[in-house]
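Q:
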Amino acid sequence: MSAINVGIVGVSGYTGLELVKMLHAHPKFELAYVANSEGDTSLAALHPALKSVCDLPVEKADVKEASRRCELVFLALPHKTAMAFVKPLVEYGCRVVDLSADYRLPLEIYEKHYTEHTDRHNLPKAVYGLPELYRNAIASAQIVANPGCFPTSAILGAWPFVSKRVENSPVIVDAKTGVSGAGKKLSETTHFVNVNENLFAYNPLGHRHAPEIAHKLGLEESEVVFVPHLCPITRGMISSIYMQIDEALDAKSFIKKFYEHEPFIRILDKPVDMKSVAGTNFCDIFVKQQGSTLFISSAIDNLQRGASSQAVVNANIMMHLPEELGIPKIAYVP
Ligand SMILES: NC(=O)c1ccc[n+]([C@@H]2O[C@H](COP(=O)([O-])OP(=O)(O)OC[C@H]3O[C@@H](n4cnc5c(N)ncnc54)[C@H](OP(=O)(O)O)[C@@H]3O)[C@@H](O)[C@H]2O)c1
1 MSAINVGIVG
11 VSGYTGLELV
21 KMLHAHPKFE
31 LAYVANSEGD
41 TSLAALHPAL
51 KSVCDLPVEK
61 ADVKEASRRC
71 ELVFLALPHK
81 TAMAFVKPLV
91 EYGCRVVDLS
101 ADYRLPLEIY
111 EKHYTEHTDR
121 HNLPKAVYGL
131 PELYRNAIAS
141 AQIVANPGCF
151 PTSAILGAWP
161 FVSKRVENSP
171 VIVDAKTGVS
181 GAGKKLSETT
191 HFVNVNENLF
201 AYNPLGHRHA
211 PEIAHKLGLE
221 ESEVVFVPHL
231 CPITRGMISS
241 IYMQIDEALD
251 AKSFIKKFYE
261 HEPFIRILDK
271 PVDMKSVAGT
281 NFCDIFVKQQ
291 GSTLFISSAI
301 DNLQRGASSQ
311 AVVNANIMMH
321 LPEELGIPKI
331 AYVP
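Counting in this note's numbering, the sequence shown runs from 1 upward without gaps.
1) Out of 174, 222, 214, 183, state which residue places its alpha-carbon closest to the alpha-carbon of residue 200.
2) Who does residue 242 pair with in a DSSP beta bridge?
3) Verify whether the separation of the beta carbon atoms of residue 95 and residue 142 is less than 7 Å.
4) Where does residue 290 sit, in a helix, a strand or coil, going by DSSP?
5) By the DSSP assignment, the alpha helix (DSSP H) with residue 16 in it spans what residues?
6) Rounded to whole angstroms, what's the CA-CA distance from residue 120 to residue 144? Just pull it up for me.
7) Quick one: any contact between the region 224-231 and the region 186-202, if contact means 3 or more CB pairs under 8 Å?
8) Please confirm whether residue 98 and residue 130 have their CB atoms less than 7 Å apart.
9) With DSSP as the reference, label residue 264 as helix, strand or coil.
10) Hey, would you say the C-beta of residue 256 is under 6 Å away from at least one heavy atom of ligand 1?
11) Any idea which residues DSSP pairs residue 42 with across the strands?
12) Using DSSP bridges, identify the partner residues of residue 30.
13) Comparing the CB of residue 129 with every heavy atom of ligand 1, is any distance shorter than 6 Å?
14) Quick one: using the 10 Å Cβ neighbour count with 16 as the cut-off for buried, is residue 23 buried or exposed?
15) Check the C-beta distance from residue 305 over to residue 282 and give it rounded, since I have them as a contact under 8 Å.
16) Alpha carbon to alpha carbon, what distance is there between residue 40 and residue 266?
17) What are the start and end residues of the beta strand (DSSP E) that includes residue 144?
18) Spatial neighbours of residue 84 within its chain, please: C-beta separation below 6 Å, excluding the five flanking residues on both sides.
19) Please classify residue 337: is it buried, with 16 or more other beta-carbons within 10 angstroms of its beta-carbon, or exposed?
20) Can you tell me which of 235, 26, 148 puts its alpha carbon nearest to the alpha carbon of residue 54?
In C-alpha cells form, the structure reads like this:
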C-alpha cells in the first residue's frame with residue numbers, strides 16, 4: 001500500500017506540533033502539506049524542537065492546495081475559523097479531522113454556546129470522534145469532529161455507568177488541567193504570574209464543554225455539574241467524577257469488562273496520575289464506590305488523547321488502518 005498524503009492546517013499551535021510529531025513518524029501517513037495563517041516559514045522556525053528532524057516549509061493556508069495534495073487534512077484551528085475551512089475542503093473531496101468544537105454539537109446547542117454556524121449543510125454529517133463510542137461511523141465519515149479534552153476524560157469515565165445511574169441524580173465532574181489546554185496565545189488567566197503556584201476554578205457551571213459532555217452522555221445540560229480548574233502544569237488532565245449508581249453493581253468488575261477490548265483504556269487498581277499518560281493516547285481510569293456513591297478518576301494528556309493522538313487514531317480508522325498504528329503508548333516518565 002502506498003503512503004496516504006495528509007496535511008495539517010494550524011501547524012504553529014500546540015496541537016499542530018503534536019500532530020507533526022506523530023505524522024512524521026507514522027508508517028503509512030506522509031505529511032504532504034503544513035500551513036498556518038501567514039506561511040513563508042518552516043516547521044523548525046516555528047518549533048525549534050523539529051530542527052534537523054522534520055523541517056518542511058510552512059505555507060499560507062489554502063484549501064485548494066491542501067485538497068490537491070492531501071487525502072485527509074487535520075484542522076488544528078480555533079473554532080469558527082475551522083468551519084470556514086471544512087466547507088470547501090469537503091467540496092474538493094477531502095476528508096477532515098477537525099480538532100475544534102465546530103462540528104461536535106447539533107446546531108441548536110452549538111449556536112447557544114458558541115457562535116452562528118456557517119456550515120449547516122455539513123454539520124449533521126460529521127461524526128463525533130470518540131472511537132470507543134462511534135468507531136464504525138468514524139470509518140466512513142468525511143468529517144470527524146475530534147472531541148474536546150475535558151469531554152474525552154469525562155465521557156470515557158462516566159459513560160459505562162450512565163445507564164446504572166440513580167434516576168435524576170447528577171453527574172458531577174470536577175476536573176483539573178494544565179495550561180497548554182488554552183493554546184499558545186497568552187492571556188491574563190494563563191500568564192505565568194497568575195498560574196505559577198496557584199490553583200483556581202474557571203467558568204464553574206458555565207464552561208462550554210459541559211453541554212458537550214451532557215449531549216454525548218445522552219443527558220440534559222442540567223444533569224451535568226462541571227467545574228474545571230487550572231493547575232500550574234504544562235500538560236495533563238484529571239476528571240474526578242461523582243455519580244449515584246445502583247449499589248448492587250460491582251463498579252470495578254463492571255468497568256473492567258466494559259472496556260476489556262479497548263486498546264487505549266486502562267483500568268487501574270490505584271488512583272490515576274497525569275504523568276503516567278503524558279505524551280500518550282491512554283485514558284487511565286480508577287473507580288471506587290461507597291454504597292451508591294461512585295467515584296471515578298479519569299486521566300488523559302489534553303494535547304494527545306484530548307486532541308492530537310485521538311485525531312490520528314480517528315484518521316487511522318477513517319483510512320482502515322490498524323487503530324494503534326503510529327500512536328504513542330509510553331509516557332514521558334519520570
Ligand atoms: N490545546 C488543547 O489541549 C486542545 C485540546 C482539544 C482541542 N483543542 C482545540 O484544537 C484547536 C487548536 O488548539 P491549539 O491549542 O493547538 O491552539 P493554538 O495553540 O492557539 O494554535 C492554533 C493555531 O491556529 C493557527 N491559525 C489561526 N487562524 C488561522 C488561519 N486562518 N489559517 C491558518 N492557521 C490559523 C494559529 O497559527 P498562526 O497564528 O501562526 O497562523 C495558531 O497557532 C482549537 O480549536 C482548540 O480548541 C485544543
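We put the beta carbon where it would ideally sit given N, CA and C, even for glycine.
A: By the coordinates alone:
1) Against the sequence shown, residue 200 aligns to sequence position 200. Minimum Cα distance to residue 200 is reached at 174.
2) The sequence position of residue 242 within the sequence shown is 242, counting from 1. Paired residue(s): 172, 295.
3) Your numbering for residue 95 matches position 95 in the sequence shown. Your numbering for residue 142 matches position 142 in the sequence shown. For residue 95 and residue 142, yes; Cβs fall inside 7 Å.
4) On the sequence shown, residue 290 is found 290 positions in, with the first residue counted as 1. It is a strand residue.
5) Here residue 16 refers to the residue found at position 16 of the sequence shown. That run of the alpha helix (DSSP H) goes 14-25.
6) The residue you call residue 120 lines up with position 120 of the sequence shown. The residue you call residue 144 lines up with position 144 of the sequence shown. Taking the straight line from one Cα to the other gives about 15 Å.
7) yes
8) Within the sequence shown, numbered from 1, the residue matching residue 98 stands at position 98. Within the sequence shown, numbered from 1, the residue matching residue 130 stands at position 130. Not closer than 7 Å, so no.
9) Residue 264 sits at position 264 when you count from the first residue of the sequence shown. DSSP places residue 264 in coil when its eight states are reduced to three.
10) Position 256 of the sequence shown, counted from the first residue, corresponds to residue 256. Incorrect: residue 256 has no Cβ contact closer than 6 Å to ligand 1.
11) Along the sequence shown, read from residue 1 onward, the residue named residue 42 stands at position 42. Beta-bridge pairing links residue 42 to 57.
12) The residue given as residue 30 occupies position 30 in the sequence shown. Per DSSP, 5.
13) Translated into positions along the sequence shown, residue 129 becomes position 129. Checking the Cβ of residue 129 against ligand 1 gives no.
14) Working through the sequence shown from its first residue, we reach residue 23 at position 23. It is buried - the Cβ of residue 23 has at least 16 other Cβ atoms within 10 Å.
15) Your numbering for residue 305 matches position 305 in the sequence shown. Your numbering for residue 282 matches position 282 in the sequence shown. 7 Å between Cβ atoms; contact.
16) The count along the sequence shown starts at 1 and reaches residue 266 at position 266. The count along the sequence shown starts at 1 and reaches residue 40 at position 40. Straight-line Cα distance between these residues: approximately 43 Å.
17) The residue you call residue 144 lines up with position 144 of the sequence shown. Residues 143-145.
18) Residue numbering aside, residue 84 sits at position 84 when the sequence shown is read from its first letter. None.
19) The requested residue 337 is not part of the displayed model; the chain covers only 1 to 334.
20) Residue numbering aside, residue 54 sits at position 54 when the sequence shown is read from its first letter. Comparing Cα positions, the closest option is 26.
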